[in-house]
Amino acid sequence: MPHLKPRPPVTTTTLKVYSINANGLNSPWKRRALLQELKTNKIQLALIQETHYKLNQTPKWYDKHYSTIIHSTPQDTKVRGTAIILANNLQLELIATKLDPQGNYTFLKGKISSCIYTFASIYLPNKEQTDTMRQIYDSLLIFAEGTLIMGGDFNTPLVPKLDCSSGTTSISLKQTNRLKQQLHSLQLVDVWRTLHPQDKNYTFYSHSHDIYSRIDYIFVAHNALDDIQKASIGSITWSDHAPVYIDFSLNTPGEKQFSWKINDGLLKNPDILGIITKATKEYFTNNANTASNAIIEWEAYKCYIRGILIQQGSKLKKERFRKKQELLHQIHKLELSHMTLKMPQTLTDLTIACQELKSLLQTETDRASFLLRKLFYDHGNKC
């Protein structure tokens, strides 16, 4: 018999990441509004674009909850500028930073729970986005290490059909595809779009064109998608852009992270199989050519279909529990009735109810037995 080591408890903490185009942080009230939003949402790391810090006129930064701000080189005029703000309660061991003299990016590299992360705040101008992205790409390739999380204003709706209220954009398809290819080369995935493949939501409103668009993003390395808990877009309030939020799981090294595995019994259920088939067809129909590469499209699909499987599995589990409780209650009533009246029909009903309960329990037992056999196989001697 293989020796099974006790599984250590898994400690998972959540890193709350936020990204926004601030459209200038020189005003005290805007800095207060930003800090209030960070505190309200318990943000631990904020990626800021368009700080508009001017050379020799950088405003003083002080806050007891967010005392660390790392920003790009101030410019001669109030344009561009990026920054990364760290919460004091974030246990991050700083390794290195890289600041853009032109104000288009701020990079930060550090350790959290002994794992290395690279964070990047990016601003692309509203013209020649791919040229700026090429410079950022070259710098990031040299600097980045560990898991990359990048947020910023890209001034480009990557999927115009979904990311523009008009369904179209003035940016050429060639330019958009080049930007997608650059993101693919960094193996980055649009978190919000991955979790909301068919939804429409926007981060910017152009008054002159009367068009909403989603041009602000948070990207993560594709192999870190499993660590994403949720992603959301806020409202346009104190800035002219809406913030983007993600919750990211941080797992302590050395401790086994839960790895979701499909319950193959779900695929034997005709109703669930029909739901999965329909969802798969709809996904690939609605997201045709929206990803820069088939690998990213496949990774995004896996996240999407996994969510449906988890939802259906949870629904079945609740239904089984409800059915079991109903049968137990029914059996108890029938037992009391048969003890008192000794009616033949009551005994028949009681026998049927017991058989139904036994069948239900057998399903649960079969699954538990399978998992136990798998555990012994995984930890057994295969030589």
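In short: position in the sequence shown from 1, add 679, done, that's this note's numbering. Glycine residues also receive a C-beta, built at the ideal position from the N, C-alpha and C atoms.
The alpha-carbon separation between H750 and K709 amounts to approximately 16 Å.
If you look at I763, you'll find it in the beta strand (DSSP E) that goes 761-765.
Straight through space, the alpha carbons of N700 and D1057 are spaced by roughly 49 Å. DSSP places K957 in no beta strand (DSSP E) but in the uninterrupted alpha helix (DSSP H) bounded by 949-965. A distance below 7 Å between beta-carbons, with the five flanking residues on each side excluded, links T737 to the following residues of its chain, in chain order: P753. For I749, the secondary structure class from DSSP, reduced to helix, strand or coil, is strand. Linking L929 to I907 through their CA atoms gives a straight-line distance of about 10 Å.
Under a 10 Å Cβ-count criterion, I791 is classified as buried, with 16 or more other Cβ atoms of the shown protein chains found around its own Cβ. The DSSP-derived three-state label of L820 is helix.
In this structure Y884 is not in contact with V923, their Cβ atoms being roughly 15 Å apart against a cut-off of 8 Å.
Under the DSSP assignment, S864 falls in the alpha helix (DSSP H) whose first and last residues are 852-864. Proximity of the region 759-774 to the region 792-804 meets the contact definition, three or more beta-carbon pairs being nearer than 8 Å. The straight-line gap separating the alpha-carbon atoms of M829 and E961 is approximately 29 Å. Rounded to whole angstroms, L827 and V870 show a C-alpha spacing of 12 Å. As computed with DSSP, N700 is found in a beta bridge with Q728. Here L874 has A910 as same chain residues with Cβ atoms under 6 Å from its own Cβ, once five neighbours each way along the sequence are excluded. With fewer than 16 other Cβ atoms inside 10 Å of its own Cβ, H886 counts as exposed. Taken through DSSP and simplified to helix, strand or coil, I941 comes out as coil. By the Cβ neighbour-count rule, N834 is buried, with 16 or more other Cβ atoms within 10 Å of its own. When rounded, the separation of the alpha-carbon atoms in D832 and Q728 is 7 Å. Shortest Cα-Cα distance from T730 to any of S892, D919, G953 involves D919. Under the three-state reduction of DSSP output, K1021 falls in the coil class, being neither helix nor strand. Burial is judged here by how many other beta carbons sit within 10 angstroms of a residue's own beta carbon; E976 has at least 16 and is buried. Here I795 is bridged, per DSSP, to K790. Note that the C-beta distance between P836 and R872 is not below 7 Å. In the three-state reduction of the DSSP assignment, E1005 falls in the helix class, which pools H, G and I. Contact between L1029 and L1013 is confirmed by a C-beta separation of about 4 Å, below the 8 Å threshold.
The distance from the Cβ of V868 to that of A979 is about 7 Å, consistent with a contact at the 8 Å cut-off. The continuous stretches of alpha helix (DSSP H) do not include A903, and DSSP gives it neither H nor E. DSSP places Q991 in the helix class (H, G or I) of the three-state scheme.
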